[in-house]
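Engineer:
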Amino acid sequence: MNRIVVSCLSLLMATTMQAQQTPVYLDESKPIEQRIDDALSRMTLDEKIAVIHAQSKFSSPGVKRLGFPDLWTDDGPHGVRPDVLWDEWVQAGQTNDSCVAFPALTCLAATWNPSMARLYGESLGEEALYRGKSVMLGPGVNIYRTPLGGRNFEYMGEDPWLASRMVVPYIKGLQSKGVAACVKHYALNNDEEYRHQVNVIISDRALHEIYLPAFKAAVQEAEAWSIMGAYNLYQNQHNCHNNTMLNKILKQDWGFDGVVISDWGGCHDTDEAVKNGLDLEFGTWTDGLTMGKTNAYDSYFLAEAYKQGIKEGKYTTKELDEKVRRLLRLFFRTTMNRHKPFGFLCSDSHYEAALKIAQEGIVLLKNEKIKELKNEKGAAPLLPINLEKTKRILVVGENAIKMMTVGGGSSSLKVQREILPLDGINVQCSKFRSALPLGSSKNVQCDYARGYVGDTVQSYNGVTVGRSLYDTRSKEELINEAVEKAKKADVVIFVGGLNKSDYQDCEGHDRKDYALPYAQNEVIEALVKVNPRLVYVNISGNGAELPWLEKVPAVVQGWFIGSEAGEAIASVLFGDVNPSGKLPFTWYASLNQCGAHALNTYPGTWREDHKIIDEEYKEGVFVGYRWTDRLKVKGEKGKKVKNAAPLFAFGHGLSYTTFKLGKMTADKTSMTEGDEITFTIPVTNTGSMAGAETVQLYISDLKASVERPVKELKAFQKVFLQPGETRQVSLTIDKRALSFYDEANSQWKAEPGDFEALAGTASDKIVSRCSFVLK
Ligand code: BGC
40 MNRIVVSCLS
50 LLMATTMQAQ
60 QTPVYLDESK
70 PIEQRIDDAL
80 SRMTLDEKIA
90 VIHAQSKFSS
100 PGVKRLGFPD
110 LWTDDGPHGV
120 RPDVLWDEWV
130 QAGQTNDSCV
140 AFPALTCLAA
150 TWNPSMARLY
160 GESLGEEALY
170 RGKSVMLGPG
180 VNIYRTPLGG
190 RNFEYMGEDP
200 WLASRMVVPY
210 IKGLQSKGVA
220 ACVKHYALNN
230 DEEYRHQVNV
240 IISDRALHEI
250 YLPAFKAAVQ
260 EAEAWSIMGA
270 YNLYQNQHNC
280 HNNTMLNKIL
290 KQDWGFDGVV
300 ISDWGGCHDT
310 DEAVKNGLDL
320 EFGTWTDGLT
330 MGKTNAYDSY
340 FLAEAYKQGI
350 KEGKYTTKEL
360 DEKVRRLLRL
370 FFRTTMNRHK
380 PFGFLCSDSH
390 YEAALKIAQE
400 GIVLLKNEKI
410 KELKNEKGAA
420 PLLPINLEKT
430 KRILVVGENA
440 IKMMTVGGGS
450 SSLKVQREIL
460 PLDGINVQCS
470 KFRSALPLGS
480 SKNVQCDYAR
490 GYVGDTVQSY
500 NGVTVGRSLY
510 DTRSKEELIN
520 EAVEKAKKAD
530 VVIFVGGLNK
540 SDYQDCEGHD
550 RKDYALPYAQ
560 NEVIEALVKV
570 NPRLVYVNIS
580 GNGAELPWLE
590 KVPAVVQGWF
600 IGSEAGEAIA
610 SVLFGDVNPS
620 GKLPFTWYAS
630 LNQCGAHALN
640 TYPGTWREDH
650 KIIDEEYKEG
660 VFVGYRWTDR
670 LKVKGEKGKK
680 VKNAAPLFAF
690 GHGLSYTTFK
700 LGKMTADKTS
710 MTEGDEITFT
720 IPVTNTGSMA
730 GAETVQLYIS
740 DLKASVERPV
750 KELKAFQKVF
760 LQPGETRQVS
770 LTIDKRALSF
780 YDEANSQWKA
790 EPGDFEALAG
800 TASDKIVSRC
810 SFVLK
């Protein structure tokens, strides 16, 4: 008996002693803020200075003495970038850093399906965990202001509501794995050409209504753990240490408790970096891409210079402690989180996720009926291609054989595999052939012609994948070959568009013009003359001029869709998958349909010293469809504008089946500021194939004290329907959907009066309306 008491007592004493020995900052039963305070109180000045700036290209130190590991970041946002050497941009040559490339974020946005964004974030988080990365540099949510923007492919389109709904689940999915999102590039980094010199001049209204909502949702709804300051300036101050952007809006107004990380080389001044909200400095003295000073970490703005300033009494440790607190919070959320799951790389589930997202994001832009193609109902559309009736397929175009996961800047990847479009199409054909019964008269052959030579490089920043695309034939020879082969084909699939080379969809520059590059237009014109059964598959993250559009019956937007690109594209072309993507931006017919260009505000005006270029966003809130809608209603400078309709409107996307939207009803006809209002609309799949339609709800403020867009997207839902199936889609909004940013009072305001809800399947296909009143 005594022995039992003695053992219990010693066990109790041992446990108590152990508890006493566990410092508060390591005690998981204690609230995180208490653990932060405790850790902070134990840190020396040197340790504090160390954690707020980089020690290598992509890492910053933890606190070794206290057991905090180093913090590893990595790009982002489409897969986990391969490792570079400690202090150089050169590849480290690892053998375990080949990843799955997920579709570019424009494609993710085009799914209009938040559950795809969640899947994306979770899958990416698992890959990051395996690679030992605690911060993924992404997602990007800068608004698609001009189709010349070199990094639009990394972002989520032109609409703040769509981008907000898609970014939140991405971040939640990623962070559910214990990996921090670093939302970028905060803010107004809408073009690339002069990204280090642009000073954006913008109204408060446009800033808050268009350019900030996705960041705000990332911070307030998804609770992002870090954010990246943008290179450019706002109010003459760089965004990486911008008092209004960081201290006022982000930290004070939105209550952001995470870490502000500078874009690589975006920090320029110790004093501003200390005082204006930057927490962690990365990439200083580099261009963020290929160049940089060697081992310059001590001369970072938040390193020795800051320490010296503190020692000399120029700064107290108030700001430093605030920064370190945020870093410690990030450590506890990531590197010090002992409950995070294990990661895995290149798993079947990640490939499946990449494929699914790609298939849902591909947009069928056009699919006209062709007289000579008949089915039981008469003339039939060219897509999906019916292999039963097809003997010869010709694929033309460089993008059918070019890897798109390499190139484009910091989002470039080293993939375990990338299925090219030509390979995906070939696989479909051979699957069909091998399923034919012996002796069948059916057969399908797939041939290829290059058509044009664009960019033959298949490597980027030391990652070489794929074979060389070097071809010495002349333009005429290439066109002739394609034309001769096209004459004999039942269907021609042209795979073209942009690529990830400089001045295309690529970081560091914008596109020089809106045309398709290389000889593509000539090739397409020549092909369609000899064979009108032409499908154009466009690979890009941007719109482009399509001067031959009238003559080409089928157009598919294929984005940059990562590892499973070829399979995803082929599955749509041959009808294994019914396309359901919708454009996340307006596809202008020409540049002057875009507000920024129509008003000649891009790229801005250089100051006399040629150091800063001022870019005034004169179009204000009228970005994308908000601008083209306004043109239709108001014209330009009072004059009616001819051809104001874009090639393809925001939200546009077709299907192989047909849908009918019935009459929309509302649960009330008037609401107060505290109310919600629900609109319900029946959607029926009236065709013969299962498919998905996205119901889009736009709100129109019929009379306001400021000029408001004709309509604005405020809710949407994608529904999957079997043939003949009907579903009631209900969409609820509250006063936020009715509000504009009132500049006089610096707050959102919903003005009482008449509103209209418009439901449709694209911004230019509104099928039902409901009036209501805000009291
Ligand atoms: C880019 C960032 C990127 C960083 C690190 C910069 O050039 O603007 O988006 O995360 O480099 O690679």
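Quick note on this note's numbering: the sequence shown kicks off at 40 and runs consecutively.
Quick reminder that beta carbons are idealized off the backbone N, C-alpha and C, glycines included.
Keep in mind the model is a prediction, meaning the values are calculated, not measured.
1. Alpha helix (DSSP H) containing valine 672: first to last residue?
2. Would a C-beta distance cut-off of 7 Å place cysteine 485 and isoleucine 432 closer than the cut-off?
3. Is aspartate 85 buried or exposed, if buried means 16 or more other CB atoms sit within 10 Å of its CB?
4. Suppose the cutoff is 7 Å on Cβ atoms and the five residues either side in sequence are ignored; what does the same chain contact list for tyrosine 233 look like?
5. Does the Cβ-Cβ distance between phenylalanine 321 and alanine 93 come in under 7 Å?
6. In its own chain, which residues sit with a C-beta less than 6 Å from the C-beta of histidine 280, not counting the 5 before and 5 after it?
7. Taking 6 Å as the cut-off, is the beta-carbon of leucine 176 closer than that to any non-hydrogen atom of ligand 1?
8. Do proline 208 and proline 142 have their C-beta atoms closer together than 7 Å?
9. Considering only DSSP beta bridges, list what arginine 808 is partnered with.
10. Does the Cβ of methionine 40 have 16 or more other Cβ atoms within 10 Å, making it buried, or fewer, making it exposed?
11. Ignoring anything shorter than 4 residues or poking outside the region 113–142, list the alpha helix (DSSP H) runs there in chain order.
12. Look up arginine 572 in the DSSP assignment and say whether it is helix, strand or coil.
13. Closest by CA to glutamate 161, which one among Ala393, Thr667, Pro623?
14. Going by CA-CA distance only, name the one from Ala149, Asn135, Lys96, Arg81 that's closest to alanine 801.
15. Quick one: does the C-beta of tryptophan 303 sit closer than 6 Å to a heavy atom of ligand 1?
16. Could you tell me the boundaries of the alpha helix (DSSP H) in which glycine 690 lies?
17. Does DSSP put tyrosine 270 in a helix, in a strand, or in coil?
18. Here's the rule I'm using: 16 or more other beta-carbon atoms within 10 Å means buried, otherwise exposed. How should aspartate 510 be labelled?
19. What I want to know is whether the C-beta of glycine 327 ends up closer than 6 Å to one or more non-hydrogen atoms of ligand 1.
20. Histidine 235 and tyrosine 270: beta carbons closer than 7 Å?
21. The beta strand (DSSP E) spanning arginine 766 covers which residue range?
22. So what does DSSP say about serine 95, is it helix, strand or coil?
23. Per DSSP, what are the beta-bridge partners of leucine 403 in this structure?
24. Is the closest heavy atom of ligand 1 to the C-beta of serine 449 under 6 Å?
25. Does the beta-carbon distance from valine 722 to glutamate 732 come in below 7 Å?
26. Taking only three categories from DSSP, how would you classify alanine 776?
27. Tell me which residues share the same chain as glycine 382 and place their Cβ nearer than 6 Å to its Cβ, disregarding the 5 neighbours each side in the sequence.
28. Please give me, in chain order, every unbroken run of the beta strand (DSSP E) with length at least 3 that falls completely inside the region 598–658.
29. Given this structure, state the Cα-to-Cα distance separating isoleucine 805 from valine 222, to the nearest angstrom.
30. Taking the alpha-carbon of isoleucine 832 as reference, which of Ile71, Gly132, Glu589, Phe599 has the nearest alpha-carbon?
31. How should lysine 353 be labelled, buried or exposed, when 16 other C-beta atoms within 10 angstroms of its C-beta is the threshold for buried?
32. Shorter than 6 Å, the distance from the beta carbon of aspartate 114 to the closest heavy atom of ligand 3, or not?
33. Which runs of the alpha helix (DSSP H), 4 residues or longer, sit entirely within the region 306–365?
34. Could you tell me which residues DSSP puts in a beta bridge with isoleucine 720?
35. Would you give the residue range spanned by the beta strand (DSSP E) that aspartate 77 belongs to?
Structural biologist: Considering the structure as presented:
1. Within the sequence shown, numbered from 1, the residue matching residue 672 stands at position 633. First-last of the alpha helix (DSSP H) with valine 672: 664–673.
2. The count along the sequence shown starts at 1 and reaches residue 485 at position 446. The count along the sequence shown starts at 1 and reaches residue 432 at position 393. Yes, the Cβ-Cβ distance between cysteine 485 and isoleucine 432 is below 7 Å.
3. Reading the sequence shown from its first residue, position 46 is the one you call residue 85. Aspartate 85 comes out exposed.
4. Taking the first residue of the sequence shown as position 1, residue 233 is located at position 194. Excluding sequence neighbours, tyrosine 233 sits near Pro642, Ile652.
5. Taking the sequence shown and counting its residues from 1, one reaches residue 321 at position 282. Taking the sequence shown and counting its residues from 1, one reaches residue 93 at position 54. A contact, by the Cβ cut-off of 7 Å.
6. Along the sequence shown, read from residue 1 onward, the residue named residue 280 stands at position 241. Once the five neighbours on either side are set aside, the close Cβ partners of histidine 280 are Glu311, Ala312, Asn315, Leu317.
7. Here residue 176 refers to the residue found at position 137 of the sequence shown. Yes, the Cβ of leucine 176 comes within 6 Å of a heavy atom of ligand 1.
8. The residue you call residue 208 lines up with position 169 of the sequence shown. The residue you call residue 142 lines up with position 103 of the sequence shown. The answer is no: Cβ separation not under 7 Å.
9. One-based indexing of the sequence shown puts residue 808 at position 769. DSSP lists Leu797 as partners of arginine 808.
10. The residue you call residue 40 lines up with position 1 of the sequence shown. Note on methionine 40: pLDDT 46, under 50, position unreliable in the model; the coordinate value appears next. Result: exposed.
11. none
12. Here residue 572 refers to the residue found at position 533 when the sequence shown is read from its first residue. Three-state result, arginine 572: coil.
13. As a first step, residue 161 must be located in the sequence shown, where it is residue number 122. Per the Cα distances, Ala393.
14. In the sequence shown, residue 801 corresponds to position 762, counting from 1. Comparing Cα positions, the closest option is Ala149.
15. Position 264 of the sequence shown holds residue 303. Answer for tryptophan 303: yes, Cβ within range of ligand 1.
16. One-based indexing of the sequence shown puts residue 690 at position 651. Segment: none, glycine 690 is in no alpha helix (DSSP H) and carries neither H nor E.
17. For this step, residue 270 is matched to residue 231 along the sequence shown. Coil, per DSSP.
18. Translated into positions along the sequence shown, residue 510 becomes position 471. Under this definition aspartate 510 is an exposed residue.
19. Residue numbering aside, residue 327 sits at position 288 when the sequence shown is read from its first letter. Yes, the Cβ of glycine 327 comes within 6 Å of a heavy atom of ligand 1.
20. Counting from one through the sequence shown, the residue named residue 235 turns up at place 196. Counting from one through the sequence shown, the residue named residue 270 turns up at place 231. The answer is yes: Cβ separation under 7 Å.
21. As a working note, residue 766 is residue 727 in the sequence shown. First-last of the beta strand (DSSP E) with arginine 766: 765–773.
22. For this step, residue 95 is matched to residue 56 along the sequence shown. Reduced to three states, the DSSP call for serine 95 is coil.
23. To locate residue 403, count along the sequence shown from 1; it is residue 364. Per DSSP, Val595, Leu693.
24. Indexing the sequence shown from 1 puts residue 449 at position 410. It does: the Cβ of serine 449 is within 6 Å (strictly closer) of some heavy atom of ligand 1.
25. Here residue 722 corresponds to residue number 683 of the sequence shown, with the count starting at 1. Here residue 732 corresponds to residue number 693 of the sequence shown, with the count starting at 1. For valine 722 and glutamate 732, yes; Cβs fall inside 7 Å.
26. In the sequence shown, residue 776 corresponds to position 737, counting from 1. The answer is helix: DSSP assigns alanine 776 an H, G or I state.
27. Stepping through the sequence shown from its first residue, residue 382 is reached at position 343. Closer than 6 Å at the Cβ level, and outside the excluded window around glycine 382, lie Glu165, Leu168, Tyr169.
28. 652–655
29. Counted from its first residue, the sequence shown places residue 805 at position 766. Counted from its first residue, the sequence shown places residue 222 at position 183. Rounded to the nearest angstrom, the two C-alpha atoms are 33 Å apart.
30. Summary: the structure shown does not reach residue 832, with the chain confined to residues 40 through 814, and so no result is reported for it.
31. Start at 1 with the first residue of the sequence shown, and residue 353 comes out as number 314. Exposed.
32. Because ligand 3 does not appear in the structure shown, any question about it cannot be addressed here, the ligands present being ligand 1.
33. 309–314, 343–350
34. As a working note, residue 720 is residue 681 in the sequence shown. Beta-bridge pairing links isoleucine 720 to Val768.
35. Taking the first residue of the sequence shown as position 1, residue 77 is located at position 38. Note, aspartate 77: premise wrong, no beta strand (DSSP E); alpha helix (DSSP H) at 71–81.
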